[in-house]
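Under the UniProt record's numbering, the letters of the sequence shown match residues 1 to 106, in that order.
Glycine included, every Cβ here is placed at the ideal spot set by N, Cα and C.
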Amino acid sequence: LKEYGFLEMLTEPILEDIFEQNVHVHLNKTQYLTNREIDFELATSIGEPGVIATSKSLIEGLSHSIPTTESVSVDKIIRLRQKEGEAFEVYRDTLYNVLKRAIPRT
Numbered sequence: 001l002k003e004y005g006f007l008e009m010l011t012e013p014i015l016e017d018i019f020e021q022n023v024h025v026h027l028n029k030t031q032y033l034t035n036r037e038i039d040f041e042l043a044t045s046i047g048e049p050g051v052i053a054t055s056k057s058l059i060e061g062l063s064h065s066i067p068t069t070e071s072v073s074v075d076k077i078i079r080l081r082q083k084e085g086e087a088f089e090v091y092r093d094t095l096y097n098v099l100k101r102a103i104p105r106t
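Written out as structure tokens, the structure is:
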């Protein structure tokens, strides 16, 4: 891996993302969203305690799979929403509460 530069090819994008993430969090008071577990592990090991607590709270509340809908027609999604309205409301309310509780702790 090292001889062919594969290690750098794998780690450089991750390190660049983490660096940019830290800059944006500190300068713009933003949050970082990722689908790579390694990003989360690195970000929570170098961040401020409040940001780390927020990240861990969010990951606990939001770790789940959501099926993609790219091959489903809008009509089918609307019918599902009408048929399963209560389930959508429960999901929305739960998501809202997770985000509300994840306010950075200082």
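Between the region 51-71 and the region 87-104 there are three or more inter-stretch CB-CB distances shorter than 8 Å, so the stretches are counted as touching.
Shown here for F88: same chain residues with a beta carbon closer than 7 Å to its own, the five before and five after excluded, namely R81 in chain order.
Within the model, the alpha-carbon separation for D39 versus I18 is close to 7 Å. Non-local C-beta neighbours of I46 in its own chain, meaning closer than 8 Å and more than five positions away in sequence, comprise I18 and N22, ordered along the chain. If you draw a straight line from the Cα of N35 to the Cα of E16, it comes to about 15 Å. Within the region 48-96, complete alpha helix (DSSP H) segments of at least 4 residues are found at 49-62 and 74-83, given in chain order.
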